[in-house]
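Data first, discussion second: the structure below is written as structure tokens.
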DNA sequence: ATCGCTGCAAAAATTTTGCAGGTAA
DNA sequence: TTACCTGCAAAATTTTTGCAGCGAT
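Protein chains in written order, with the working numbering: chain A, -7 to 141; chain B, -7 to 141.
Set out below in structure tokens:
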């Protein structure tokens, strides 16, 4: 059995609520719905995608935008840029920095999560050579998926 | 002397014109100005940044947008996403796929070009394992530059 | 002389914000 | 109760598009 390091299983509604509470924030119906959508998807979703996936009594689109900003600030979601200039978000487990990569089909948009990351050595070299501190990186792969070939 | 693989020096105005002509496109004043701006900068620029950098008798912002789309389609510029969801462009030499990476200061936005790329092995593995073809990748580094530390 | 290109202006799309009332804790 | 939140609507941005005239080849 393959275990994804970014599994969302651990993020129970109660835990999410607790994390919000720690930031003096509240667990409201819109936030619960948004987090639920994110939990149901293993791929990053844009604010718009989240909005349309919301149940019938969803919330305002503005609320989705506000929520994503809040959740990103609280490190409860991680933002990804998958090359099309649209911000997409994934739920983040407690303490998880969410560091992983994606393989995106440029034809149909399918996304495969890539857990491995062998960039740290290169990252250190890049940081040292240029005198940068606290260096991180973002890496995404693009190609044509089996179904689209 | 350090030679950047993505040097722009080779892109003379005449060559750029020739490349446009091959695509049945014309070298006009706005395009010449835009390409000139790009040639003067070794870092990716957004449409807006190009627009404000344009000489007094610049062109319409809409023209910048149209030009960037055109030039990207003709592979005369390459688009980069530096994490803030803004499309930025760099001039591409003839035949150059423009593959390189950036080290971006998250404080002041300074950008360092990184020519090396040791990802090909990982890229092949990722492609093979998931049955993808024509896989490429985009990698950007983020950190705090010496001046901002 | 063509066909592409541009400015201008309007439209569309995306994201942010003010505010008054509602609600979690 | 008291912050925090939300819907609604308006505003601010960002990007695209229609069109008539201009210009490169």
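Built from N, CA and C at the ideal position, the CB exists for glycine as well.
Assign residue 89 of chain B to one of two classes, buried (16 or more other C-beta atoms within 10 Å of its C-beta) or exposed (fewer than that). Counting from one through the second chain, the residue named residue 89 of chain B turns up at place 97. It counts as exposed.
Can you check the region 36 to 97 of chain B for any beta strand (DSSP E) of at least 3 residues that lies completely inside it and give the ranges in chain order? Complete beta strand (DSSP E) runs here, min 3: 69 to 73, 79 to 83 and 93 to 97.
Could you name the residues that DSSP lists as bridge partners for residue 105 of chain A? Numbered from its first residue, the first chain carries residue 105 of chain A at position 113. A:94, per the DSSP bridge assignment.
Could you tell me whether the region 121 to 136 of chain B touches the region 95 to 107 of chain B, using the rule of 3 or more Cβ pairs below 8 Å? They touch, by the three-pair rule.
Can you check whether the CB of residue 56 of chain A is closer than 9 Å to the CB of residue 30 of chain A? As a position in the first chain, residue 30 of chain A is number 38, starting the count at 1. As a position in the first chain, residue 56 of chain A is number 64, starting the count at 1. No, the Cβ-Cβ distance between residue 30 of chain A and residue 56 of chain A is not below 9 Å.
Please confirm whether residue 43 of chain B and residue 114 of chain A have their CB atoms less than 9 Å apart. By one-based count along the second chain, residue 43 of chain B stands at place 51. By one-based count along the first chain, residue 114 of chain A stands at place 122. Contact: no.
Check whether the Cβ of residue 136 of chain A lies closer than 9 Å to any Cβ atom in chain B. Stepping through the first chain from its first residue, residue 136 of chain A is reached at position 144. Against chain B, the CB of residue 136 of chain A has a partner CB under 9 Å away; the residue lies at that interface.
I want to see whether chain A comes within less than 9 Å of residue 129 of chain B, judged by CB atoms only; does it? Locating residue 129 of chain B in the second chain gives position 137, where the first residue counts as 1. Answer yes: the Cβ-Cβ gap between residue 129 of chain B and chain A drops below 9 Å somewhere.
On the CB-based measure, 16 or more other CB atoms within 10 Å of its CB, does residue 138 of chain A come out buried or exposed? To locate residue 138 of chain A, count along the first chain from 1; it is residue 146. Counting Cβ neighbours within 10 Å, residue 138 of chain A comes out exposed, since fewer than 16 surround it.
Pairwise C-alpha distance: residue 98 of chain A and residue 91 of chain B: Taking the second chain and counting its residues from 1, one reaches residue 91 of chain B at position 99. Taking the first chain and counting its residues from 1, one reaches residue 98 of chain A at position 106. The C-alpha of residue 98 of chain A is placed about 17 Å away from the C-alpha of residue 91 of chain B.
Identify every residue that forms a DSSP beta bridge with residue 28 of chain B. As a first step, residue 28 of chain B must be located in the second chain, where it is residue number 36. DSSP output for residue 28 of chain B lists no bridge partner at all.
Would you check if there are 3 or more beta carbon pairs closer than 8 Å linking the region 70 to 83 of chain B to the region 65 to 80 of chain A? Output reads yes: the region 65 to 80 of chain A touches the region 70 to 83 of chain B.
Expected contact under 8 Å - CB spacing of residue 19 of chain B and residue 37 of chain B to nearest Å: Position 27 of the second chain, counted from the start, is the residue given in the question as residue 19 of chain B. Position 45 of the second chain, counted from the start, is the residue given in the question as residue 37 of chain B. 20 Å between Cβ atoms; not a contact.
What residues from the region 58 to 81 of chain A come within 8 Å of chain B, judged by C-beta to C-beta, listed N to C? Listed by position, the residues of the region 58 to 81 of chain A near chain B (Cβ gap below 8 Å) are 73, 75, 77, 78 and 79.
So residue 46 of chain B and residue 25 of chain B are supposed to be a Cβ contact under 8 Å. How far apart are they, rounded? The residue given as residue 46 of chain B occupies position 54 in the second chain. The residue given as residue 25 of chain B occupies position 33 in the second chain. The beta carbons of residue 46 of chain B and residue 25 of chain B sit about 6 Å from each other, so the pair counts as a contact at 8 Å.
Taking the alpha-carbon positions, what's the residue 32 of chain B to residue 21 of chain B distance? Against the second chain, residue 32 of chain B aligns to sequence position 40. Against the second chain, residue 21 of chain B aligns to sequence position 29. C-alpha separation (whole angstroms): 17 Å.
What did DSSP end up calling residue 130 of chain B once you bin it into helix, strand or coil? Numbered from 1 along the second chain, position 138 holds the residue referred to as residue 130 of chain B. Three-state result, residue 130 of chain B: strand.
What's the C-alpha gap between residue 125 of chain A and residue 49 of chain A? In the first chain, the residue the question calls residue 125 of chain A occupies position 133. In the first chain, the residue the question calls residue 49 of chain A occupies position 57. Distance between the alpha carbons of residue 125 of chain A and residue 49 of chain A is about 46 Å.
Within the 9 Å Cβ cut-off, does residue 54 of chain B reach chain A? Counting from 1 along the second chain, the entry for residue 54 of chain B is found at position 62. Closer than 9 Å: no.
Using a Cβ-Cβ distance cut-off of 9 Å, determine whether residue 119 of chain A contacts chain B. One-based indexing of the first chain puts residue 119 of chain A at position 127. Chain B contact via Cβ: present.
Along the chain, where does the alpha helix (DSSP H) containing residue 119 of chain A start, and where does it finish? To locate residue 119 of chain A, count along the first chain from 1; it is residue 127. Residues 112 to 122.
Same chain, Cβ closer than 6 Å to residue 123 of chain A, neighbours up to 5 away in sequence not counted: Position 131 of the first chain, counted from the first residue, corresponds to residue 123 of chain A. Take residue 123 of chain A, set aside five residues on each side of it, and no residue of its chain has a beta-carbon closer than 6 Å to its own.
Spatial distance of residue 95 of chain B from residue 59 of chain B (CA atoms): The residue you call residue 95 of chain B lines up with position 103 of the second chain. The residue you call residue 59 of chain B lines up with position 67 of the second chain. Approximately 27 Å, taken between the alpha carbons.
Whose C-alpha, out of B:112, B:84 and B:12, is nearest the C-alpha of residue 34 of chain B? Here residue 34 of chain B refers to the residue found at position 42 of the second chain. The shortest CA-to-CA distance from residue 34 of chain B to any of B:112, B:84 and B:12 is the one to B:84.
Using a cut-off of 7 Å between C-beta atoms, extract the partners of residue 132 of chain A located in chain B. Position 140 of the first chain, counted from the start, is the residue given in the question as residue 132 of chain A. Contacts between residue 132 of chain A and chain B, judged by CB atoms closer than 7 Å, involve 129 and 130 in chain order.
Start and end residues, alpha helix (DSSP H) containing residue 9 of chain A: Numbered from its first residue, the first chain carries residue 9 of chain A at position 17. First-last of the alpha helix (DSSP H) with residue 9 of chain A: 5 to 14.
Length of the line joining the Cα atoms of residue 119 of chain B and residue 100 of chain A: Here residue 119 of chain B refers to the residue found at position 127 when the second chain is read from its first residue. Here residue 100 of chain A refers to the residue found at position 108 when the first chain is read from its first residue. Going by C-alpha positions, residue 119 of chain B is about 16 Å away from residue 100 of chain A.
By Cβ distance, which residues of its chain are closer than 6 Å to residue 51 of chain A, with the 5 residues on each side in sequence left out? Numbered from its first residue, the first chain carries residue 51 of chain A at position 59. 22.
At least one CB of chain B closer than 9 Å to the CB of residue 84 of chain A: is that the case? Locating residue 84 of chain A in the first chain gives position 92, counting from the first residue. No, residue 84 of chain A does not count as interfacial toward chain B.
Classify residue 61 of chain A: buried if its beta carbon has 16 or more other beta carbons within 10 angstroms, exposed otherwise. The residue given as residue 61 of chain A occupies position 69 in the first chain. By the 16-neighbour rule on beta-carbons within 10 angstroms, residue 61 of chain A is exposed.
With 9 Å as the C-beta to C-beta threshold (strictly closer), list the residues of the region 6 to 34 of chain B near chain A in chain order. Contact annotation: in the region 6 to 34 of chain B, no residue has its CB less than 9 Å from a CB in chain A.
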